[in-house]
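All remarks here apply to the structure that follows.
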Amino acid sequence: MGQGIVTVVGSYVTDLMSRTPHMPRVGETVLGGPFKMGPGGKGGNQAVAAARQGSMVYMVSKVGDDEFGVYARANFTKEHIITEYVFVNTEESTGAALIAVDDNGDNMIVVALGACGKLTASEVAQASGAIRISTVVLVQLETSTEAVVQTVAAAKNYGVPVILNPAPYHEFPREILKDITYITPNETEACSLTGVQVDNEEDALRAAKIMYDMGVPNVLITLGKKGCYFYNGGETGLLYSGFEVQAVDTTGAGDAFNGGLAYALAAGQELDDAIVYANAVAALSVTKVGTAPAMPTKEEVDAFLVERMR
Ligand code: RIB
Numbered sequence: 190m191g192q193g194i195v196t197v198v199g200s201y202v203t204d205l206m207s208r209t210p211h212m213p214r215v216g217e218t219v220l221g222g223p224f225k226m227g228p229g230g231k232g233g234n235q236a237v238a239a240a241r242q243g244s245m246v247y248m249v250s251k252v253g254d255d256e257f258g259v260y261a262r263a264n265f266t267k268e269h270i271i272t273e274y275v276f277v278n279t280e281e282s283t284g285a286a287l288i289a290v291d292d293n294g295d296n297m298i299v300v301a302l303g304a305c306g307k308l309t310a311s312e313v314a315q316a317s318g319a320i321r322i323s324t325v326v327l328v329q330l331e332t333s334t335e336a337v338v339q340t341v342a343a344a345k346n347y348g349v350p351v352i353l354n355p356a357p358y359h360e361f362p363r364e365i366l367k368d369i370t371y372i373t374p375n376e377t378e379a380c381s382l383t384g385v386q387v388d389n390e391e392d393a394l395r396a397a398k399i400m401y402d403m404g405v406p407n408v409l410i411t412l413g414k415k416g417c418y419f420y421n422g423g424e425t426g427l428l429y430s431g432f433e434v435q436a437v438d439t440t441g442a443g444d445a446f447n448g449g450l451a452y453a454l455a456a457g458q459e460l461d462d463a464i465v466y467a468n469a470v471a472a473l474s475v476t477k478v479g480t481a482p483a484m485p486t487k488e489e490v491d492a493f494l495v496e497r498m499r
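Count along the sequence shown from 1, then add 189; that gives the number in our numbering.
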């Protein structure tokens with residue numbers, strides 16, 4: 190079985206992360222630390238997660254003409270990610286995310302997209318060759334809407350399945366949903382899309398049915414440590430329980446899930462197995478601090494699955 194080709198269209202930003210004893214209230218300054226800087230952005234994190242599993246990954250994004258842009262490219266190259274379609278914008282700087290992680294490992298993030306928010310439809314069109322030869326295309330909402338729309342159109346044109354991770358949620362042209370193969374919202378994003386507050390499996394089913402009726406044949410709602418609720422029509426869906434681990438930093442867990450899912454589908458795994466695999470990638474990612482740097486390797490995931498599936 191080959192490892193497949195994955196094209197990721199989305200964000201790259203520099204993550205500026207500090208631990209905090211508690212999340213600051215409005216107007217409050219909290220003494221935090223330690224501070225860590227690293228490569229991030231949902232697109233970049235998902236690309237690293239897939240590449241570390243063995244996918245051949247094309248990254249389509251945009252950085253500024255600055256040191257952080259150089260750092261981005263160097264990091265992608267170190268991860269064996271193809272940077273031919275990482276464009277440079279001379280007017281906007283490379284984006285940045287301000288991340289606070291508390292003692293429970295939970296996070297709050299403000300992301301300033303900078304250059305990657307300016308990715309154009311015509312730049313995505315330049316990457317059509319990569320999309321055409323891909324086994325799976327993965328896109329988030331952390332870039333311009335025109336880039337998302339063009340990605341979905343190109344993938345549809347070449348018959349390549351698309352995973353849409355609707356994160357961070359903001360309004361987008363809903364008609365693209367009929368051309369999406371898999372959608373992977375978390376509870377909050379599922380609620381924004383459907384109006385259903387997702388607190389339990391029953392809610393997840395209600396929300397999933399609405400997304401299915403919007404035209405997406407495979408709905409995967411990620412539920413944090415509870416795992417992933419999958420629905421593809423019919424009376425009910427199925428909960429794939431998450432793996433229990435000691436979480437130190439949950440930032441990027443959704444990205445780990447999406448990158449793991451893209452890899453597994455591109456490598457030819459059945460969807461059932463791919464969801465279990467993605468849950469394992471997500472579980473391992475929260476045992477380390479950071480986002481892209483915390484993504485596990487395929488060897489780590491395989492060893493973990495052997496141990497946990499005994
Ligand atoms: O999903 C986590 C990511 O969201 C962080 O790496 C940060 O860059 C934000 O974009």
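Glycine included, C-beta positions come from ideal geometry on N, C-alpha and C.
Inset, instruction - Can you check the segment 331-373 for any alpha helix (DSSP H) of at least 4 residues that lies completely inside it and give the ranges in chain order? - result: For the alpha helix (DSSP H) assignment, the uninterrupted runs of no fewer than 4 residues enclosed by the segment 331-373 are, from N- to C-terminal side, 334-347.
Inset, instruction - Could you say which of Ala285, Phe257, Val478 and Glu312 lies nearest to Phe276 if we only look at CA atoms? - result: Here the closest residue by C-alpha is Glu312.
Inset, instruction - Give me the Cα-Cα distance between Val299 and Thr203, rounded to the nearest whole angstrom. - result: Approximately 12 Å between the Cα atoms of the pair.
Legend entry - Endpoints, the alpha helix (DSSP H) within which Gln242 is located: Unbroken alpha helix (DSSP H) run through Gln242: Lys231 to Gln242.
Inset, instruction - Write down the C-beta distance between Asn296 and Thr440 rounded to the nearest angstrom, noting that I regard them as a contact closer than 8 Å. - result: With 8 Å as the limit, Asn296 and Thr440 qualify as a contact, their Cβ atoms being about 4 Å apart.
Legend entry - Phe224 in three-state terms, based on DSSP: Here DSSP, grouped into helix, strand and coil, assigns Phe224 to strand.
Inset, instruction - Report all residues from its chain with a CB closer than 8 Å to the CB of Asn375; omit the five preceding and five following residues, and keep chain order. - result: Residues of the same chain with a CB within less than 8 Å of the CB of Asn375, apart from the 5 flanking positions on each side, are Ala356, Ile410, Thr411, Leu412, Gly413 and Gly443 in chain order.
Inset, instruction - Tell me whether Ala263 is buried or exposed, calling it buried when 16 or more other Cβ atoms sit within 10 Å of its Cβ. - result: That one is exposed.
Legend entry - Start-end ranges of the alpha helix (DSSP H) lying completely within the segment 243-277, minimum 4 residues: If we require 4 residues or more, the alpha helix (DSSP H) runs fully inside the segment 243-277 come out as 256-267.
Inset, instruction - Look at Met248 and Val197 and say whether their C-beta atoms are less than 8 Å apart. - result: Taking the C-beta atoms as reference points, Val197 is found nearer than 8 Å to Met248.
Inset, instruction - Please list the segments of the alpha helix (DSSP H) lying wholly inside the segment 275-331, counting only runs of 4 or more residues, in order along the chain. - result: If only complete runs of 4 or more residues are kept, the segment 275-331 shows the alpha helix (DSSP H) at 310-315 and 317-322, in order along the chain.
Inset, instruction - Would you kindly work out how many angstroms separate the C-alpha atoms of Cys417 and Glu378, rounded to a whole number? - result: Their Cα atoms are separated by approximately 14 Å.
Inset, instruction - Give the straight-line distance between the Cα atoms of Ala463 and Gln192, rounded to the nearest whole angstrom. - result: Their backbone Cα atoms lie some 13 Å apart in a straight line.
Legend entry - Ala286: CB within 7 Å of a non-hydrogen atom of the ligand RIB: At least one heavy atom of the ligand RIB is nearer than 7 Å to the Cβ of Ala286, so yes.
Inset, instruction - Tell me, please, whether the CB atom of Ala240 is closer than 8 Å to any CB atom in chain D? - result: Within the model displayed, chain D is absent; a lone protein chain is all it includes.
Inset, instruction - My understanding is that Ala304 touches Gly284, with C-beta atoms under 8 Å, so please give their C-beta distance in whole angstroms. - result: Between Ala304 and Gly284 a beta carbon distance of about 6 Å is seen, short of the 8 Å cut, so the two are scored as contacting.
Legend entry - Beta-carbon proximity check, Val338 vs Leu330, cutoff 8 Å: For the 8 Å CB-CB criterion, Val338 and Leu330 do not form a contact.
Inset, instruction - Alpha carbon to alpha carbon, how far is Val252 from Gln435? Give it in angstroms, no decimals. - result: Cα to Cα, the separation comes out at about 34 Å.
Legend entry - The beta strand (DSSP E) enclosing Thr203, as first and last residue numbers: Where Thr203 is concerned, the enclosing beta strand (DSSP E) stretches over Val202 to Arg208.
Inset, instruction - Compare the C-alpha of Leu302 against each of Thr332, Gly222, Ala397 and Gly243 and name the closest. - result: When each option's Cα is compared against that of Leu302, the closest is Thr332.
Inset, instruction - Quick one: which unbroken alpha helix (DSSP H) runs of 4-plus residues sit fully inside the segment 448-483? Chain order, please. - result: For the segment 448-483, the full-length alpha helix (DSSP H) segments reaching 4 residues or more read 460-474 along the chain.
Inset, instruction - Have a look at the DSSP bridge pairing and note the partners of Gly416. - result: Looking at the DSSP assignment, Gly416 forms a beta bridge with Ser430.
Legend entry - Thr411 in three-state terms, based on DSSP: Correct three-state label for Thr411: strand.
Legend entry - Unbroken beta strand (DSSP E) run spanning Thr196, endpoints: Counted as a single uninterrupted DSSP element, the beta strand (DSSP E) harbouring Thr196 occupies residues Ile194 to Val198.
Legend entry - Between the CA atoms of Met212 and Val219 - distance to the nearest angstrom: Each residue's alpha carbon lies about 8 Å from the other.
Inset, instruction - Could you tell me whether the Cβ atoms of Ala471 and Gly449 are closer together than 8 Å? - result: Going by C-beta atoms, Ala471 is nearer than 8 Å to Gly449.
Legend entry - Beta-carbon spacing of Asn468, Gly431 below 8 Å: When the beta-carbon positions are compared, Asn468 and Gly431 come within less than 8 Å of each other.
Legend entry - Where Ala492 falls, given that 16 or more other Cβ within 10 Å makes a residue buried: With a 10 Å radius around the Cβ and a threshold of 16 neighbouring Cβ atoms, Ala492 comes out exposed.
Inset, instruction - Report yes if the C-beta of Leu480 is less than 7 Å from at least one heavy atom of the ligand RIB; otherwise report no. - result: A small correction: the amino acid at residue 480 is Thr; Leu does not occupy that position in the sequence shown. The answer is yes for Thr480.
Inset, instruction - Give the single residue among Glu390, Ala456, Thr373 and Glu424 whose Cα lies nearest to the Cα of Thr324. - result: For Thr324, the closest of Glu390, Ala456, Thr373 and Glu424 by C-alpha to C-alpha distance is Ala456.
Inset, instruction - List the DSSP bridge partners of Asn375. - result: Residue pairing for Asn375: DSSP places it in a beta bridge opposite Thr411.
Legend entry - Proximity to Arg363 [Cα-Cα], best of Ile271, Leu327 and Asp402: For Arg363, the closest alpha carbon among the candidates Ile271, Leu327 and Asp402 is that of Asp402.
Inset, instruction - Report whether the distance from the Cβ of Lys251 to the nearest heavy atom of the ligand RIB is below 7 Å. - result: Not under cutoff, so the answer is no.
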